[in-house]
Structures are given as C-alpha cells and as structure tokens.
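For the record, the sequence lines run as chains A and B. Per our numbering, residue 7 is the first one in the first sequence, and the count goes up by one each step. Per our numbering, residue 7 is the first one in the second sequence, and the count goes up by one each step. Here the structure is laid out as structure tokens; the discussion comes afterwards.
2 protein chains.
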Amino acid sequence: MDIRRADQIAASLEQLVFSGEFRDGERLDELRLAEQFHVSRTPIREALQVLVTSGLAEQVPRRGVFIRQPGPVELMEMFETMAEIEAVCGRLAAMRMTDQDIEALTAANERCQEAIQDSDPDRYYSENETFHQIIYRASTNSFLEKQALQLQNRLKAYRRIQLRFRGRLEQSMSEHSEVLLALQEGNADRAASVLRSHVAIQGEKFHQLVASLKR
Amino acid sequence: MDIRRADQIAASLEQLVFSGEFRDGERLDELRLAEQFHVSRTPIREALQVLVTSGLAEQVPRRGVFIRQPGPVELMEMFETMAEIEAVCGRLAAMRMTDQDIEALTAANERCQEAIQDSDPDRYYSENETFHQIIYRASTNSFLEKQALQLQNRLKAYRRIQLRFRGRLEQSMSEHSEVLLALQEGNADRAASVLRSHVAIQGEKFHQLVASLKR
DNA sequence: GTCAACTTTCTTGTATACAATATTAAGGTG
DNA sequence: CACCTTAATATTGTATACAAGAAAGTTGAC
C-alpha cells in the first residue's frame, strides 16, 4: 500500500498527460492542482519533479513546469526508436527463448486471433500488448525490458489510434505470425527485421493520420 | 543560469552516485544532506525525487530513499543494452550521415589516435566519448540520441575501468577505424555489427574484471 | 540472559510561512 | 495611442512547523 500522496498524484498526472488531457506548453499551476487534489503544494511539487525527470514536462526556473507533448517529429522519432528496441528484443529473444516462452507467446498470439474473430479491437489491443511484452521479457535482459516497457507505455495512446485503419488488425495479425515463426526457428536476424517493420508500420500509419488531419 | 538549488543538489548527488561515493543500499539521510548542503530538507527532498525517478535510488515509503548501485548482472545487462543501442545508432547513421558528419567523425578519430600516441588515457577516454556521441547525433533521431547519451553517462565510470586492460586502447582504436570505414561506405549492417561488438567487448572486459576481483 | 510490551526518539510526509523573482496593472510621458 | 517606468499581484523556491509512522531504547517477566 502506498502512503505517499505525492506518488499517487504523480501517477494521476502522468495518466492525464498520456491521455492528452493537457495541451502542449500548458503550465501546471501548483495552487490549482493543490486545490484539485485537496493537498498542499508540497506533494504537488514532488509529483511535478517526477514528471519533469521522466521527460513529460519541462521546468523553467522561477516560471513553472510546462507540459511537453511530443510533436509529430518527436513522435516519429519515438516510434522509430521503439521499432529498433523491439528489433533488439527480438534478436536477443530468438537466441534465448525457452520452450515455455514460446508456448506463452503462441497462446498470446491465439488470444489476439480470437479478439479479431470477435471483432473486439480493445481486446486485441490489450492482448497485442501482452504479446510484445513476452518478447521483451524473453530478451532475458531486464534492463532492456524496462526500457521497452517504458516506451511502450509512452506510445500507448498513439498506437491505439493507428489500429483503426481499415484492415490494419488483420495485417498486424499476420505480422505477428511471422514474428512467432522466426522466434520458433531461432532466426535472430529475421525476428529482428520482422519486428522492426511491424512496429515501424505503426509509425507510418500514425504519420498518415497526422498528415490527413492537416488537410 | 540555474536558480533552483534543488537541481544543483540533484546533479551533485547524481555525480556522487556515479562516482561510487555511496554504497549500494545506503540510506540518503535528508537531515544529514540538508546540513551538508546548507539548505533545508525541502530542496533535498526534491533532489531525491529526481534520483528515484531516474532509477539511481529506490524509495521505500516512510523509510527513506536508498542508493541502488547496479550489481554485476545488471551492469552486464546495461552494457548489452548500450551495445545494441549503439548498433542501432550506427545503422541509422550509416544511412543518414552527411559529409560534414563524416568529417567530424574522422577528426574525432584522429584526436583519439593522437591521445594514444601521447599515451594519454584520460584524453583518449574523453575523445572516445565524443566519437561515439557524433554517431548518436548522426542517427538523426534526437530521441534515440538522448537515450544513448543517458546510458553512456550512466556507464561512464565502468567504461573507464576496462580501458586499463593491457592493449585495450590500441584494440579499441582499430575497432574505431572499422566503424568509420563502414559508416563511410554507408554499410548499415556492417556499422551496426562492428559497433555492437565494440561496445560489447567493453562489457566483456568489465566482466573479466569483476570476475578477477572475486578471486 | 532472552524475549516481549511499552516508551521514547528519530525520520519521513505534509502543511504552512516567508523570501525572491515574474507577471500584470497602472500611471505618466512623448 | 504607443511606450516606458513603477507599483501591485501572483507564483515559484526555500524554510520551518507539525503529524504520523518507524526504529531504537527501556523495563519487566520468565
């Protein structure tokens, strides 16, 4: 059980930032937030430090902390980085996966398939997340795994959007099968390259979406 | 100019942690630090939040924050991750480097060479850092660049140790040349694999060192 | 001497008070 | 009316005060 109010607040604020509740450049007013959470400024300030340190906000001395929502360019960079990190996880996982890991991954993949058959994008979304997390874990490098999870979480909201593209679910699914196959064969390079493009496509789709909104 | 005392303190503490001033599991006493830095507990606490968020320390509610020095296993994981991230930077850089980048990299490489001829390991160490940073930059992905810089900084102290191995400087140097060659050719796969093993070797050397200390 | 219950002291977490700097408003000048 | 100067106001940063839980010390029973 968590006793620190500051940590709870940090988590809440993080969620609010991820869900796009705050606009880019918006100032986080300490007093307002203090009232909102029914606490004094102290825990608010500690929560803001957390946001700043994890890169979700920027601090200008004597002026306050401001939300930093990634723009299109930074988002593309993040997607590219995610694709590369996934590729690395896949490469390592291909060499180190146990039979148990393969089983778990196969099961996750089947649950994805079911979600598609039930036309349940929310469930697909969630099972898809698990599928990838199993690969992170199977890299057998908990430091790398943590980095991957962090970035996955950060891109959550944006990944969700691109799944709405027509036919994307089915395409994503067939990519999964290729990933699974490469990992079963222990083909490191193939696993890496398939995973890379699987995630990179998400970035592409997102890019398309951004472009279409500008029109 | 930085006005926030808390930020300065956070930076100081970070350096103290990196330089191994604190033992693993050591508690950071707020009152003691407050006296030491001649401030109240408030800025100390904000600085501690930063350490915790960036993973350098762990916070146990109602008990304090404790230093978390990476053990041998985690260090190897970090080196492996660094190797993979460097490989990714190299892969992207190979495809995106400008002539200017190549020039800068060649110059940095020459300065490394000079440092070796002058038998100046400190200078080699610093120029080597620059060499790698140019590659991060040339990946043309500032998000990835930031991640790479962060990890490079985190591993600084440990990388330094392995350079003391006999003949390591010269070996490192010849690896650099191979990296440069691959990048000049725009050979992405080769740049990635050479960089990967270049950094991985550092991990290996470090592993040897840890093992030798245990005897 | 060991262990347990209780008391005291210490430490963290939060609230409040104060100091210093930014921002805004007001007033005067050309 | 624009622009500069200056006063009022608001907001951040730090210090201090207080509340609550944890650690350490003490006493007493066996």
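In this text, a Cβ means the ideal position worked out from N, Cα and C, and glycines have one as well. Only a predicted model underlies this, so the values are computations on that prediction, with no experimental measurement involved.
Distance between residue j and residue i (C-alpha atoms, nearest Å)
i, j, result
"B/His-213", "B/Met-82", "7 Å"
"B/Lys-152", "A/Arg-129", "34 Å"
"A/Glu-90", "B/Ala-114", "27 Å"
"B/Asp-35", "B/Gly-70", "8 Å"
"A/Ser-46", "A/Ala-12", "10 Å"
"A/His-182", "B/Ile-15", "47 Å"
"B/Arg-38", "B/Asp-195", "52 Å"
"B/Thr-87", "A/Ala-110", "24 Å"
"A/Ser-25", "A/Tyr-131", "16 Å"
"B/Glu-80", "A/Ile-207", "32 Å"
"B/Val-23", "B/Gly-31", "12 Å"
"A/Leu-219", "A/Leu-150", "35 Å"
"A/Glu-133", "B/Lys-211", "40 Å"
"B/Ala-217", "B/Pro-78", "9 Å"
"A/Cys-95", "A/His-44", "43 Å"
"A/Leu-222", "A/His-138", "Chain A is shown only over 7 to 221; residue 222 of chain A falls outside these bounds and no answer can be derived."
"A/Thr-136", "A/Ser-18", "23 Å"
"A/Pro-127", "A/Leu-161", "17 Å"
"A/Leu-215", "A/Asp-124", "26 Å"
"B/Gln-177", "B/Gln-42", "44 Å"
"A/Gly-192", "A/Val-58", "41 Å"
"A/Glu-184", "B/Leu-187", "34 Å"
"B/Ala-198", "B/Ala-40", "46 Å"
"B/Leu-201", "B/Arg-68", "45 Å"
"B/Ser-203", "A/Ala-99", "18 Å"
"A/Phe-85", "B/Leu-157", "19 Å"
"A/Ile-9", "B/Gln-65", "12 Å"
"B/Val-56", "A/Leu-62", "13 Å"
"B/Gln-190", "B/Ile-140", "14 Å"
"A/Ala-154", "B/Ser-148", "17 Å"
"A/Ile-108", "A/Met-179", "17 Å"
"B/Arg-6", "A/Glu-116", "Look at the range of chain B in this structure, 7 to 221, and you will see that residue 6 of chain B is not part of it."
"B/Ser-60", "B/Glu-20", "10 Å"
"B/Phe-28", "A/Val-205", "40 Å"
"B/Gly-209", "A/Ala-93", "21 Å"
Chain-ordered chain B contacts of residue i [CB-CB under 7 Å]
i, result
"A/Leu-10", "Note on identity: in this sequence residue 10 of chain A is Arg, with Leu being the wrong assignment. Going along chain B in sequence order, the residues near A/Arg-10 (Cβ under 7 Å) are Pro-67."
Segment limits, alpha helix (DSSP H) that includes residue i
i, result
"A/Val-45", "First-last for A/Val-45: undefined, no H or E at that position."
"A/Asn-147", "It is not in any alpha helix (DSSP H) - A/Asn-147 carries neither H nor E in the DSSP assignment."
"A/Pro-78", "78-102"
"B/Asp-35", "Counting along the chain, B/Asp-35 falls outside any alpha helix (DSSP H), and DSSP gives it neither H nor E."
"A/Asp-13", "11-24"
"A/Arg-170", "Looking at the DSSP string, A/Arg-170 is not in any alpha helix (DSSP H), and its letter there is neither H nor E."
"A/Arg-117", "105-123"
Residues that DSSP places opposite residue i in a beta bridge
i, result
"B/Val-66", "B/Gly-70"
Contacts of residue i in chain A (Cβ-Cβ under 9 Å)
i, result
"B/Val-56", "Gln-55, Val-56, Val-58 and Thr-59"
9 Å Cβ cut-off: residues of chain B touching residue i
i, result
"A/Ser-125", "Neighbours of A/Ser-125 on chain B: none; closest Cβ ~35 Å, over 9 Å."
"A/Met-103", "Within chain B, no residue comes near A/Met-103; the closest Cβ sits about 16 Å away, beyond 9 Å."
Under 8 Å from the C-beta of residue i: neighbouring residues of chain A
i, result
"B/Arg-51", "Glu-52"
"B/Gln-153", "Thr-87 and Gln-153"
"B/Glu-83", "Asn-147, Ser-148, Phe-149 and Leu-150"
Chain B contact residues for residue i, given Cβ-Cβ distances below 8 Å
i, result
"A/Glu-80", "Ser-148 and Phe-149"
Under 7 Å from the C-beta of residue i: neighbouring residues of chain A
i, result
"B/Glu-90", "Val-94"
heavy atom of the ligand GTP below 7 Å from residue i C-beta
i, result
"A/Ser-148", "Looking for the ligand GTP in the displayed structure turns up nothing, as the structure carries no ligands at all."
Cβ contact (3+ pairs, closer than 8 Å) linking the region 136-146 of chain B and the region 95-108 of chain B: yes
Any 3 or more C-beta pairs closer than 8 Å across the region 47-57 of chain A and the region 116-127 of chain B: no
Cβ contact (3+ pairs, closer than 8 Å) linking the region 65-80 of chain A and the region 165-176 of chain A: no
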